[in-house]
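>
Protein chains: 2
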Amino acid sequence: MEDAVEALARKGPSSAEIADWIRAQIRSNRFVPGQRLVEVDIIRQTGGSRFKVREAYQRLAADGLVEIEEFRGAKVRGASMDEVRQLYRARAALEGLCAADFTERASQADREHLQEIAAAMEECVENERPEEFGRLNAEWHQLLMRGAGNLVIEQVVKRLNTPVHHLLFGTFYRGERLREAARDHRAILAAIMANDPAEAERAMREHVENGLSFLRELDEAVHFHT
Amino acid sequence: MEDAVEALARKGPSSAEIADWIRAQIRSNRFVPGQRLVEVDIIRQTGGSRFKVREAYQRLAADGLVEIEEFRGAKVRGASMDEVRQLYRARAALEGLCAADFTERASQADREHLQEIAAAMEECVENERPEEFGRLNAEWHQLLMRGAGNLVIEQVVKRLNTPVHHLLFGTFYRGERLREAARDHRAILAAIMANDPAEAERAMREHVENGLSFLRELDEAVHFHT
DNA sequence: GATAACCAAATTGTTGACAATAATGCGGGC
DNA sequence: GCCCGCATTATTGTCAACAATTTGGTTATC
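Protein chains in written order, with full-length UniProt numbering: chain A, 1 to 226; chain B, 1 to 226.
(1) Could you say if the segment 54-70 of chain B and the segment 44-64 of chain A meet the contact criterion of at least three C-beta pairs nearer than 8 Å?
(2) Since Pro197 (chain A) contacts Thr103 (chain A) with CB under 8 Å, what's their CB separation in whole angstroms?
(3) Specify the secondary structure class of Leu65 (chain B) as computed by DSSP and reduced to three states.
(4) According to DSSP, simplified to helix, strand and coil, what is Arg36 (chain A)?
(5) According to DSSP, is Ala79 (chain A) part of a helix, a strand, or is it coil?
(6) Determine whether the Cβ of Leu94 (chain A) lies closer than 7 Å to any Cβ atom of chain B.
(7) Tell me whether Val32 (chain B) is buried or exposed, calling it buried when 16 or more other Cβ atoms sit within 10 Å of its Cβ.
(8) Is the number of C-beta pairs between the segment 201-214 of chain A and the segment 88-96 of chain A that are closer than 8 Å three or more?
(9) What residues in the segment 67-79 of chain B have a beta carbon less than 7 Å from any beta carbon of chain A?
(10) Give the interface partners of Leu151 (chain B) over in chain A, defined as CB-CB distance under 7 Å, in chain order.
(11) Is the shortest distance between the beta-carbon of Arg176 (chain B) and the beta-carbons of chain A less than 7 Å?
(12) For chain B, find out if any of its Cβ atoms is closer than 7 Å to the Cβ of Ala203 (chain A); answer yes or no.
(13) So, is the C-beta of Thr226 (chain B) closer than 7 Å to a C-beta in chain A?
(14) Using three-state DSSP, classify residue 227 (chain B) as helix, strand or coil.
(15) Within the chosen definition, does the segment 103-113 of chain A reach the segment 146-160 of chain A through at least 3 CB pairs nearer than 8 Å?
(16) For Ile117 (chain A), which residues from the same chain have a beta carbon less than 8 Å from its beta carbon, with the 5 sequence-adjacent residues on both sides left out?
(17) How close, in whole Å, do the beta carbons of Ile18 (chain A) and Val53 (chain A) come, if the pair is a contact with beta carbons under 8 Å?
(18) Buried or exposed for Arg183 (chain B), going by 16 or more other Cβ atoms inside 10 Å?
(19) Can you tell me where the alpha helix (DSSP H) holding Asn137 (chain A) begins and where it ends?
(20) Using the Cα positions of Ala203 (chain B) and Ala74 (chain A), report the straight-line distance between them to the nearest angstrom.
(21) Suppose you measure from the CA of His113 (chain B) to the CA of Trp21 (chain B); what does that come to, to the nearest Å?
(22) Tell me which residues share the same chain as Val5 (chain A) and place their Cβ nearer than 8 Å to its Cβ, disregarding the 5 neighbours each side in the sequence.
(23) How about Met1 (chain B): is its C-beta nearer than 7 Å to some C-beta of chain A?
(24) Leu97 (chain B) CB to nearest chain A CB: under 7 Å?
(25) Interface residues of chain A around Glu55 (chain B) at Cβ under 8 Å?
(26) To the nearest angstrom, how far is the alpha carbon of Gln35 (chain B) from that of Phe214 (chain A)?
(27) Can you tell me whether DSSP reads Gly96 (chain B) as helix, strand or coil?
(28) Let me check understanding here. Comparing Cα to Cα, which of B:Leu160, B:Val76, B:Ala194 and B:Arg50 lies closest to Gly12 (chain B)?
(29) In chain order, what residues of the same chain lie with their CB nearer than 7 Å to the CB of Ala120 (chain A), ignoring the 5 residues before and after it?
(30) For Glu131 (chain A), is the classification buried or exposed, using 16 other Cβ atoms within 10 angstroms of its Cβ as the cut-off for buried?
(31) Who are the neighbours of Ala90 (chain A) on chain B, taking C-beta pairs under 8 Å?
(32) For a contact meaning CB atoms closer than 9 Å, what does Asp63 (chain A) contact in chain B?
(33) Only counting the same chain, and skipping five residues up and downstream in sequence, which positions put a Cβ closer than 7 Å to that of Glu122 (chain B)?
(34) Going along chain A, which residues have a C-beta under 9 Å from Glu83 (chain B)?
(35) Which residues does DSSP list as the beta-bridge partners of Ala74 (chain A)?
(36) How about Ala99 (chain A) and Glu201 (chain A): do their beta carbons lie closer than 7 Å?
The following block contains the structure:
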C-alpha cells in the first residue's frame, strides 16, 4: 500500500506497480477467480492511465494470473486442484534440489540464519501466532533457495506460488498444520547441519508433499476450485 | 513466417504474434543480447501497430527475454554463464521428476511413442542430421513431461529454455554431442521401460547435467555471455 | 587538442478520441 | 408467462497526435 500512495504522490503508478496492486488484490481475495477486471475500475482505483493498465494485464497474463480474451478483457484465472497438484510437484522438485545445494554450498552465516528463523517459527507454534509463522515460513524457504545459489529457482517458485497464495493466507497455517510444518523443518535442518544433501532433499520433498496433502483435505471440505 | 504473412493478409499481427516473431528472431540469432529493440523497426518489419508492439514487449519482459528501461525501450537480455548453470539445475530437477512420474503414470501409447522418437533420433545420429535431431529432441522431452501429467512443468521448462535456445540451435547438436545425448536417452528409456522411477530420475538428471557441461566447454571457447 | 555546454534528431511515454465488439435491457409476438 | 429479436449501453481494440526524455553531434571555450 505504501508504494502505491507514494507513486501517486509523484506522478502516477507505473505498469509494474499496477500489476503489483492487482496481484495484492488477488492475494487478499478481493479479486476472486473468474472475476472480470474492467479497465475503467482499475483506472479509478489505481489512478493509472488505460495504457498502463493494459500493459499490466499483459504482464499478469504472462505470469498466468489472468486470462485475456479478445474484446472481453482480462479476468482472474483460478487454479484447479489438478493444477495445484502439478504446481506442488514442481515445487517439491525445485526446493528439494535447493535443500541439497544449500547443504553443499551455503555459507556459515546462511546456515546460522536458517536456524534462527526456524527457532522463531517454533516459538510461533507454541504461542499460536499463525500469521507470523506464515511470514517467517516464506522467509525461511526463500533463504534456503538463495543460499543454494539459485535465484532462477527462487523466482520460478515465487511465480508458482502466486495462484494459491490466498489459500495459504486464509486457512493454511493454523492448528495442527503448524506443528507438522515445524516438525518437517526440523528434519530438513538436521540433514543440512549433518551435511547430508540427499537426506535434505528427501525431507524437503516430503515437506512440500505434506503441504499438498493438507490442501487436498481442505479441498474436500470447501470446494475452492473454479 | 507463414503465420506472419497470413496475419498480415487479414488485418495485422496480434501482440502475441509479434512477440512470437521477436522470439524467433532471438532464437535465430538475428537479434543478439544487448541489442535494442527500436519500436519503429519492429513496426516496419512486422506490420503491427505501436500499441501492439509495446504489448508484445511486456509479455517478453515477463518471460525474462527482454529488459525494459524507462525512456530507453526494450533490449534483448543475455544470460550469464552462472544463470545458465542455475537454469540447467532447475531443468535437471524438473525433468528428473517428470521422468519418474512418467514411469509411474504414462499411458502405454505414450511409452511407445517415446520409443519411436528415440529410435528416429538414433537414425539422425547415424545419418548426421543435427537439425532434425534437435527438433526430435524437443519433441521427446515435451512428450516426457506431458506423459508425466504435468503441464505446469512443461511450460516452466519452455520458459527456462528460451534464453539459451539460440545456443542450442547454433552449435549444440553436432558431432560427438549427438552420440552422448542418444546414449543418455537410451539409459533413461531403459529405466522407464523397466518401471524404475528412481533410476529414470537419476539418468535424466545426469543427462541434463551433461548438457550443462557441454555448454561450459563451449563457453570456454567462445564467450557468448554479455 | 580536450572538454563542457548546448542544440537537434531520434526514441519512447502518455493521452484522448474514435471504431469494433460484447453485454444488457426492452418490447413484441406466441 | 416465456422466448426471440432489436436497440441501447458498456467495454475493449485501435490509432494518431503530442509531450518527455535520451542520444549524438556541434561548437565555443580553455
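All residues carry an ideal CB built from backbone N, CA and C; glycine is no exception.
Well, looking at it:
(1) Yes, they touch.
(2) For this step, residue 197 (chain A) is matched to residue 197 along the first sequence. For this step, residue 103 (chain A) is matched to residue 103 along the first sequence. Contact between Pro197 (chain A) and Thr103 (chain A) holds, with the beta-carbon distance rounding to 4 Å and staying under 8 Å.
(3) Reading the second sequence from its first residue, position 65 is the one you call residue 65 (chain B). It is coil, neither helix nor strand.
(4) Sequence index remark: in the first sequence, residue 36 (chain A) carries index 36 (1-based). Arg36 (chain A) falls in the strand class under three-state DSSP.
(5) For the purposes of this step, residue 79 (chain A) is taken as residue 79 along the first sequence, with counting starting at 1. In the structure shown, Ala79 (chain A) adopts coil according to DSSP, grouped into three states.
(6) The residue labelled residue 94 (chain A) in the question sits at position 94 within the first sequence. Yes, because at least one Cβ of chain B sits closer than 7 Å to the Cβ of Leu94 (chain A).
(7) Translated into the one-based positions of the second sequence, residue 32 (chain B) becomes position 32. It is exposed - the Cβ of Val32 (chain B) has fewer than 16 other Cβ atoms within 10 Å.
(8) Segments in contact, yes.
(9) Listed in sequence order: no entries.
(10) By one-based count along the second sequence, residue 151 (chain B) stands at place 151. Result: Gln86.
(11) Residue numbering aside, residue 176 (chain B) sits at position 176 when the second sequence is read from its first letter. Reading off the sequence, residue 176 (chain B) comes out as Glu, not Arg. No Cβ of chain A is located within less than 7 Å of the beta carbon of Glu176 (chain B).
(12) Residue 203 (chain A) sits at position 203 when you count from the first residue of the first sequence. It does not; no Cβ of chain B falls within 7 Å.
(13) To locate residue 226 (chain B), count along the second sequence from 1; it is residue 226. Reliability of the predicted coordinates at Thr226 (chain B) is poor, the pLDDT of 43 falling under 50, and no value is obtained from them.
(14) No information on residue 227 (chain B) is available, as it lies outside the stretch 1 to 226 that chain B covers here.
(15) Below 8 Å, enough C-beta pairs join the segment 103-113 of chain A and the segment 146-160 of chain A to call them touching: three or more.
(16) Within the first sequence, residue 117 (chain A) is the residue found at index 117, counting from 1. Once the five neighbours on either side are set aside, the close Cβ partners of Ile117 (chain A) are Leu136, Glu139, Trp140 and Leu143.
(17) For the purposes of this step, residue 18 (chain A) is taken as the residue at position 18 of the first sequence. For the purposes of this step, residue 53 (chain A) is taken as the residue at position 53 of the first sequence. That pair is a contact at about 6 Å.
(18) Counting from 1 along the second sequence, the entry for residue 183 (chain B) is found at position 183. Sixteen is the threshold: since fewer than 16 other Cβ atoms of the shown chains lie within 10 Å of the Cβ of Arg183 (chain B), the residue is exposed.
(19) Position 137 of the first sequence holds residue 137 (chain A). For Asn137 (chain A), the enclosing alpha helix (DSSP H) begins and ends at Pro130 to Gly147.
(20) Taking the first residue of the second sequence as 1, we reach residue 203 (chain B) at position 203. Taking the first residue of the first sequence as 1, we reach residue 74 (chain A) at position 74. Going from the Cα of Ala203 (chain B) to the Cα of Ala74 (chain A) covers about 42 Å.
(21) The residue you call residue 113 (chain B) lines up with position 113 of the second sequence. The residue you call residue 21 (chain B) lines up with position 21 of the second sequence. Using only the alpha carbons, I get a separation of about 30 Å.
(22) Translated into the one-based positions of the first sequence, residue 5 (chain A) becomes position 5. Summary for Val5 (chain A): the model assigns pLDDT 41, below 50, so the residue's position carries little reliability; its value from the coordinates is reported in the next sentence. Cβ neighbours of Val5 (chain A) beyond the five flanking positions: none.
(23) Counting from 1 along the second sequence, the entry for residue 1 (chain B) is found at position 1. Annotation note: pLDDT 41 at Met1 (chain B) (below 50); position unreliable, no value reported.
(24) Looking up residue 97 (chain B) in the second sequence gives position 97. It does; some Cβ of chain A falls within 7 Å.
(25) The residue labelled residue 55 (chain B) in the question sits at position 55 within the second sequence. Arg54, Glu55 and Gln58, listed in chain order.
(26) Taking the first residue of the second sequence as 1, we reach residue 35 (chain B) at position 35. Taking the first residue of the first sequence as 1, we reach residue 214 (chain A) at position 214. Looking at the two C-alpha atoms, the distance is approximately 48 Å.
(27) Taking the first residue of the second sequence as position 1, residue 96 (chain B) is located at position 96. It is helical.
(28) As a working note, residue 12 (chain B) is residue 12 in the second sequence. Cα-wise, what sits closest to Gly12 (chain B) is B:Arg50.
(29) Here residue 120 (chain A) corresponds to residue number 120 of the first sequence, with the count starting at 1. Result list for Ala120 (chain A): Leu136, in chain order.
(30) Walking along the first sequence from the start, residue 131 (chain A) turns up at place 131. By the 10 Å Cβ count, Glu131 (chain A) comes out exposed.
(31) Within the first sequence, numbered from 1, the residue matching residue 90 (chain A) stands at position 90. The answer, in chain order, is Leu94, Leu97, Asn150, Val152, Ile153 and Val156.
(32) Here residue 63 (chain A) refers to the residue found at position 63 of the first sequence. Here the neighbours are Ala62.
(33) Here residue 122 (chain B) refers to the residue found at position 122 of the second sequence. Correct list, in chain order: Ala182.
(34) As a working mapping, residue 83 (chain B) is identified with position 83 in the second sequence. In chain order: Leu151 and Val152.
(35) Working through the first sequence from its first residue, we reach residue 74 (chain A) at position 74. DSSP lists A:Leu37 and A:Ile68 as partners of Ala74 (chain A).
(36) Here residue 99 (chain A) is taken as the residue at index 99 of the first sequence, counted from 1. Here residue 201 (chain A) is taken as the residue at index 201 of the first sequence, counted from 1. Yes. Within cutoff.
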